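See below for the structure under consideration.
Residue numbers (our numbering): 229 to 952.
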């Protein structure tokens with residue numbers, strides 16, 4: 229611990245300045261290279277982040293399209309269920325059903341929901357006649373011509389606007405629609421047509437369209453085979469779509485970030501384009517993707533590209549910020565290096581001076597610590613001891629290497645080790661000063677009692693750096709204390725025995741006085757004598773005082789002895805019992821008592837009852853108001869804090885001067901010896917003995933003639949019981 233670091237020479241302090249230039253240039257080059265690498269990584273991270281976000285948006289867009297198409301498929305299944313339940317549905321029923329679907333709000337892009345009836349050639353004329361009778365006199369299937377089978381759109385809701393153009397149309401006559409309808413009929417599943425121009429289109433805003441078909445079979449007929457399905461076909465429920473209307477809003481709130489093109493089938497050309505426009509020839513999308521959606525065995529090809537708005541969603545400035553920060557940091561580090569190198573000599577000289585001052589300070593501290601009569605130790609922030617003074621080492625006869633860390637515990641008495649560690653650890657964690665007693669083995673093998681006081685240490689900045697402790701040998705002092713306790717115990721025992729032996733003569737004295745009065749009653753001339761009566765009264769009063777005194781002495785002697793197991797007991801129950809025991813005196817005095825909520829107390833219940841009885845009896849005897857017209861009012865209450873529970877007994881009496889507020893707790897001390905109360909002057913002494921035996925405190929608060937408050941505190945936890 230006395231090793232000195234080598235001091236720099238003058239030559240080392242005056243190195244050529246060109247070394248600092250070379251080192252500064254090296255630092256600048258290395259930091260710029262590191263900044264360049266960081267910039268490249270940032271560019272790559274930006275590209276990866278951009279690609280991940282684009283892939284996420286592509287998946288999100290494809291899922292939205294698929295979910296929308298599946299929703300329309302479920303809607304068609306619901307319409308087919310209507311026919312399955314009712315057979316051929318009437319026009320009014322169908323209108324009400326579709327109206328309940330709320331197409332405009334729940335199914336954007338759909339033109340309507342219709343039903344196309346399957347009509348054999350032999351039933352055509354009858355069918356036309358039936359529809360005309362329903363109120364459509366000009367009804368006829370179109371396009372016209374002779375065919376083996378016909379279909380006709382007989383229901384299409386909403387039956388307004390563009391949809392009127394599709395009424396009575398034979399979709400089976402058109403090749404693209406025929407292919408989808410045939411697939412749906414033969415497979416009893418959804419069929420989707422290729423790209424078509426819907427009959428609903430007008431000359432303005434013509435859009436590509438497609439249709440969804442779902443077959444409807446006659447009720448309660450077999451449809452297990454293709455032939456049975458063809459023979460028992462009733463028609464198709466279907467939905468026409470304008471693709472642009474269908475895709476409106478499909479990209480959500482950030483639709484402008486992504487460009488979408490949809491092509492029918494797997495061939496990508498203008499003829500198959502159903503939705504979207506190709507990017508301008510002058511633009512080059514940063515990211516593109518190609519996806520395929522297959523529904524009812526009909527494929528769509530999706531081309532997706534990032535629009536210019538897409539760039540704004542990804543932080544483009546990160547590489548520039550890193551590059552700028554890297555260059556700035558490189559220049560700053562280079563400047564700092566140059567300054568540090570040029571101030572090296574001054575810094576080394578300053579460090580040399582500070583080291584010398586520190587060593588001198590440590591030397592002074594060690595000299596003082598080694599010359600002090602106490603055993604001194606130091607510990608760091610890890611709780612381990614790293615230094616002991618010479619007095620400690622001489623006391624234990626051990627080397628400092630043996631004591632370091634937790635080695636000092638080897639000399640602590642085995643019965644005290646756990647207590648020492650627990651007490652030290654608890655206070656160390658809370659950064660609190662502490663004091664404890666334990667036995668430490670002296671160099672001659674004898675265990676000596678030490679009083680160890682430790683306090684936390686802090687540096688100039690307020691940072692915690694550990695503990696410093698000092699120990700003194702208290703073996704003789706402790707023995708004196710034990711002898712004193714033994715003497716007090718013997719004295720208490722003597723007083724208890726004396727009081728016990730005095731009790732019987734005192735009772736006989738009281739009984740004798742009463743017998744004497746009874747005997748003299750037979751002699752009227754004597755008993756009526758004033759002096760005789762006064763003498764008998766004095767004898768009786770003194771006998772009662774003596775009896776009360778002996779009883780109070782017995783209570784005082786045993787006040788510090790628990791009568792039951794100490795535990796948390798109900799203070800409110802103790803107050804109730806005390807009030808019941810003094811009920812007669814309370815009635816005579818006419819006192820009014822109010823009791824607030826009281827916390828539990830850590831004490832045995834009999835002594836707590838006696839404590840409240842003593843304080844209440846004292847108040848009834850001495851706490852009466854100065855104005856005799858006022859009734860005595862007594863308040864009893866309490867609160868619980870972290871470490872203690874506090875209780876009070878307050879009255880509205882004359883109060884107690886500050887000079888007497890401590891004296892009244894002394895044994896045989898009374899505030900006024902000339903009053904006519906029969907007190908012994910021991911009651912408050914008994915109360916204090918009960919409280920202090922539980923490691924508590926009791927005191928009086930009184931101001932002028934505003935009444936008196938007796939306050940006492942009891943610990944909420946059991947005190948330190950370590951006695952060696």
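Each residue gets a CB set at the ideal place from its N, CA and C atoms; glycine is no exception.
The structure displayed is predicted, hence computed values, not measured ones.
Residue i to residue j span [Cα, whole Å]
i, j, result
"residue 699", "residue 564", "50 Å"
"residue 496", "residue 363", "46 Å"
"residue 390", "residue 426", "10 Å"
"residue 935", "residue 790", "32 Å"
"residue 469", "residue 337", "6 Å"
"residue 784", "residue 636", "45 Å"
"residue 282", "residue 326", "39 Å"
"residue 392", "residue 347", "20 Å"
"residue 763", "residue 917", "37 Å"
"residue 649", "residue 657", "12 Å"
"residue 661", "residue 867", "27 Å"
"residue 316", "residue 446", "8 Å"
"residue 614", "residue 673", "24 Å"
"residue 675", "residue 608", "27 Å"
"residue 320", "residue 385", "11 Å"
"residue 817", "residue 823", "18 Å"
"residue 261", "residue 514", "29 Å"
"residue 901", "residue 640", "Per-residue confidence for residue 901 stands at a pLDDT of 43, beneath the threshold of 50, marking its modelled position as unreliable; the derived number appears in the next sentence. Each residue's Cα considered, the two are about 56 Å apart."
"residue 742", "residue 749", "11 Å"
"residue 450", "residue 361", "32 Å"
"residue 559", "residue 253", "10 Å"
"residue 685", "residue 697", "10 Å"
"residue 746", "residue 758", "16 Å"
Residue from the options with nearest C-alpha to residue i
i, options, result
"residue 388", "362, 342, 346 and 365", "342"
"residue 302", "460, 442 and 280", "442"
"residue 604", "612, 619 and 611", "619"
"residue 424", "418, 436 and 415", "436"
"residue 931", "892, 886 and 941", "886"
"residue 655", "670, 677, 694 and 666", "694"
"residue 910", "842, 881, 862 and 860", "842"
"residue 284", "458, 517, 500 and 344", "517"
"residue 463", "568, 551 and 307", "307"
"residue 820", "834, 844 and 827", "844"
"residue 828", "788, 855, 872 and 850", "872"
"residue 623", "644, 664 and 678", "678"
"residue 395", "860, 428 and 452", "428"
"residue 928", "874, 944 and 556", "874"
Presumed contact (8 Å Cβ cut-off) between residue i and residue j, rounded CB distance
i, j, result
"residue 382", "residue 359", "7 Å"
"residue 853", "residue 813", "Not a contact, Cβ separation roughly 17 Å."
"residue 418", "residue 299", "Not confirmed; about 13 Å, so no contact."
"residue 547", "residue 274", "6 Å"
Buried versus exposed, by CB contacts within 10 Å (16 or more), residue i
i, result
"residue 430", "exposed"
"residue 293", "buried"
"residue 304", "buried"
"residue 627", "exposed"
"residue 506", "exposed"
"residue 537", "exposed"
"residue 617", "buried"
"residue 533", "buried"
"residue 651", "buried"
Three-state class that DSSP yields for residue i in the structure shown
i, result
"residue 332", "helix"
"residue 316", "coil"
"residue 547", "helix"
"residue 882", "coil"
"residue 702", "coil"
"residue 874", "strand"
"residue 674", "coil"
"residue 519", "strand"
"residue 385", "strand"
"residue 861", "strand"
"residue 941", "strand"
"residue 568", "helix"
"residue 903", "Because residue 903 carries a pLDDT of 46, less than 50, the predicted location of this residue cannot be relied on, and no value is offered for it."
"residue 729", "Legend: pLDDT at residue 729 = 49, less than 50; position of this residue unreliable, no value from coordinates given."
"residue 443", "strand"
"residue 260", "helix"
"residue 641", "coil"
"residue 829", "strand"
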